[in-house]
Structures are given as structure tokens and as C-alpha cells.
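A quick write-up on the structure given underneath.
Rendered as C-alpha cells:
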């Protein structure tokens, strides 16, 4: 795809992206940059990747017309059921691809970072399948609030290493993973779980996740006779599920693209992770993007009830879509996300991940026409968040 919305050779999406990395990390990133397009484009990779997506991941995931949500919001609400993929989230699409890529590069060990744990579980799962050593870095705070996923990773044979610095969340886990990779460049591949980090990671992850929008297009055509929806909605932390859901519609301006970022207690509360609404241009984890920082350029600690969205920056692709006006991004509070999660559970019998609940909350903020086709990417299932939901159940008992 050649457009203003794809990265140039240096990995820039407009003013955002690139590879701002220390010299010690350069050989690792450069090896990946020189090889990823060739490997992803080879017939051998494509055959193996799509075979695993079909036979192991369970793709295509369903595109489901949600009747009760549609009636409530007076439009046609379709749910792309990434929560039904193996391991319960879209994360596994990227992990299957990157582990195959790592094997082609001759790597023996995989490292990853995780916030909500879904990327860590997906990585541990594919490493078990392909007999690769696996180390997952996770913030100590996230390990406590996502304990079921920690247990899953350990059962799958992965080592989970706690990050004990800073806020002990995703940002700090990413720092630890990068430090490890610098010291083990020859035999280790670092699987970044979102469209963040130095080039080529944002482009690599977006390409692997683009299977989501490819399927939406073909499934909509089959169901409705139209290959393009009127709107696509997805939550954004780093932004991988949104990148995958938007990918094949970016060049179609008639398709409204809406991202939902985590406002936490509110964008003006000081307890937020809404990097587009409260951030400014700066560098985090190897790329130029929008991030939350103070006047001295020190990164501000994010806050969200959702561990997967608790990140102070956003992928450069989304920063460009935001600044260019191609996509709209709404700030969704913890309260709005919880309301949406309980509503979906009771109207459609689907318990969403807290991350996904932010995307669902957009339905309460944007009005769509009666005959429009609105697709929400249901990026993950809510099993991992049950303890949080149970703590809040009394407060949301009246949601219907």
C-alpha cells in the first residue's frame, strides 16, 4: 500500500515514527529492518502464517451483527470477534507472525513485554508450540491485577520477570525488555506487542494485524453486499488492534475511523492515559510520537483501570492519523468503560476485556444513522478482568 498514511523508508508517518535508539541497540533493529519485508513477502512465510492463523488461531474470527446493541443505538452494530481467537485476544496474530520471523532470522529465544497479559500469553503460547525459550517482562503492579494471565504464561513454560521500577506497569516492563535485548542481540528476538517502538516495529505489527480489516471487508461483503463499513471503532493504548482494524480502510475516506483512548478519571484529572488528548510530541521507546510528559520532558505516569491501555504514549501511526484528521480519537473514562462492559454482558451475553470496553463506550458518545454499518473491534475477552468487574458489580447493577 502506497499512501500518505504508510511509513516512509525511515519509518516516519508524517512527523511521527523513525528509530531513535541508542547505538548499542542499532544492530538488533537494523537486522530486523533489513529483513522483515523480504521475509513477510516470501511465499514460504505467507503459507505458514496463514495456515497457523486458520488451523491454530481459529481464523477467520466471526463478524457478528449484535441485535440488541443495534436496537438500543438505532444503527447496525457489528462486532469483530477477536475475543474468540486462540488465547482470547487479537494479540496472537502478531505473535504467530513474529515468532515465524524470528525463526527465519535464526533466533533461539523470545522476549516480550506485556501490560494486560494478553500479549504475554499469546507469546508464551506460540513459543510453546514452536519450542522457543520465552521470557516475558511485566510490571509488578500489572502482575497483581492480571494474576490469571501470569499463571497462564507460567503454565505455558514462560518465565515472567517483574519490572519493579517507576509505576511498575507496561512502560517499565518495556524498559526492562529493551535492556535485556541490548545485552543479548545475537540469539534473541524482541516481540513488541503493539504498533510502538522504533521502525520497523510499528509497520511490522500493523501488517501482521491487518488480517482483521481484511476479514471485516470480505465478511461484510458476504453479509451485506458492501465491503466497506460506515465506521470502524477500536480501543487504543499503543494501538495494535486499532491499526489492524483500520488498515484496509485508511485509504477510504468515506469510512469513519474512531479510536477510543483511556481517559482514566478524566483528561483533566491528572489520572489519565489519554496521550493524544493530554500529550505532546516527544520520543518514547524509540519513536517520535505523542506522549504524556511534563515541561522538562519527563514522562508522566499514566492511569487507567485497563492494564492494556495504561501506557503514556501511542503508536506513531495513530499520532499521524490524529494530527492529519484522518481518524477521530475519543477519551473514555474508567466509569464509561465499565458501564459499556456491563451493558454488553447483559445485552449480548459477551463479557469484553476492559480494553475493549473503551471502544464499546463510543456508542454512547457518537450518533450513527439507522442504516449505517458500524464495526467495533472486540479485541479481547474479559475473563482476565473478572476480579475488577466483581469489585464494581454493585455500582453497575442497574446497567441494562
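In this note's numbering, the protein residues as written are 49 to 448.
Beta carbons: idealized from backbone N, C-alpha and C, even for Gly.
Since the structure is predicted, the reported quantities are computational estimates derived from the model, not experimental observations.
What does a CB cutoff of less than 6 Å around residue i pick up in its chain, not counting 5 residues either side in sequence?
i: residue 398; result: 392
i: residue 181; result: 157
i: residue 197; result: 165, 169, 432
i: residue 60; result: 66
i: residue 267; result: 111
i: residue 389; result: 400, 405
i: residue 265; result: 275, 296
i: residue 228; result: 159
How far does the alpha helix (DSSP H) with residue i in it reach, from first residue to last?
i: residue 107; result: Here residue 107 belongs to no alpha helix (DSSP H), and DSSP marks it neither H nor E.
i: residue 279; result: From DSSP, residue 279 is part of no alpha helix (DSSP H) but of the beta strand (DSSP E) over 279-284.
i: residue 249; result: 249-257
i: residue 114; result: Unbroken run through residue 114: none, as it is neither H nor E.
i: residue 168; result: 166-178
i: residue 288; result: 288-294
i: residue 408; result: 402-408
i: residue 200; result: 195-203
What did DSSP end up calling residue i once you bin it into helix, strand or coil?
i: residue 49; result: In this prediction, residue 49 has a pLDDT of 48, which is less than 50 and means its spatial position is unreliable; nothing more can be read from the coordinates.
i: residue 68; result: coil
i: residue 446; result: coil
i: residue 424; result: strand
i: residue 228; result: helix
i: residue 321; result: coil
i: residue 430; result: coil
i: residue 301; result: coil
i: residue 415; result: coil
i: residue 8; result: With the chain covering 49 to 448 only, the question about residue 8 has no answer from this structure.
i: residue 361; result: strand
i: residue 332; result: strand
i: residue 347; result: strand
Under DSSP, the beta strand (DSSP E) around residue i begins and ends at which residues?
i: residue 306; result: 304-312
i: residue 81; result: Careful: residue 81 lies outside any beta strand (DSSP E), inside the alpha helix (DSSP H) at 74-89.
i: residue 157; result: 157-162
i: residue 237; result: 236-239
i: residue 210; result: 207-211
i: residue 129; result: 124-129
i: residue 135; result: Where residue 135 is concerned, there is no enclosing beta strand (DSSP E), given that its DSSP letter is neither H nor E.
i: residue 336; result: 335-339
i: residue 181; result: 181-187
i: residue 376; result: 375-381
Determine, using beta carbons only, whether residue i and residue j come nearer to each other than 9 Å.
i: residue 369; j: residue 305; result: yes
i: residue 164; j: residue 401; result: yes
i: residue 380; j: residue 126; result: no
i: residue 259; j: residue 280; result: no
i: residue 412; j: residue 387; result: yes
i: residue 207; j: residue 226; result: no
i: residue 238; j: residue 160; result: yes
i: residue 263; j: residue 128; result: yes
i: residue 285; j: residue 215; result: no
i: residue 221; j: residue 187; result: yes
i: residue 55; j: residue 364; result: yes
i: residue 356; j: residue 418; result: no
i: residue 185; j: residue 162; result: yes
i: residue 27; j: residue 382; result: Since the first residue shown for the chain is 49 and the last is 448, residue 27 is missing from the structure and cannot be characterised.
Cutting at 7 Å between CB atoms, please list the residues of its own chain near residue i, excluding the five before and the five after it.
i: residue 249; result: 240
i: residue 334; result: 67, 68, 69, 245, 246
i: residue 230; result: 72, 73
i: residue 84; result: 149, 248, 252
i: residue 261; result: 292, 293, 294, 295, 296, 297
i: residue 396; result: 114, 116, 117
i: residue 139; result: 166, 167, 170, 241
i: residue 87; result: 93, 149, 152
i: residue 269; result: 275
i: residue 204; result: 172, 173, 176
i: residue 80; result: 248
i: residue 319; result: 312, 313, 351
i: residue 442; result: none
Using C-beta distances below 8 Å, list every residue in its chain close to residue i, excluding the 5 sequence neighbours before and after it, in chain order.
i: residue 360; result: 219, 321, 323, 327, 332, 339, 340, 341, 347, 348, 349, 350
i: residue 325; result: 309, 311, 315, 377, 379
i: residue 410; result: 281, 306, 308, 378, 380, 424
Using a Cβ-based criterion (distance less than 8 Å to any ligand heavy atom), does residue i qualify as near the ligand GTP?
i: residue 362; result: The ligand GTP is absent from the structure shown, which contains no ligands of any kind.
Touching by the beta-carbon criterion (3+ pairs, under 8 Å), the segment 429-436 and the segment 291-303: no
Contact the segment 113-122 vs the segment 52-66: 3+ CB pairs below 8 Å: no
Cβ pair count under 8 Å reaching 3, the segment 273-284 against the segment 90-110: no
At least three beta-carbon pairs within less than 8 Å, the segment 163-179 to the segment 141-148: yes
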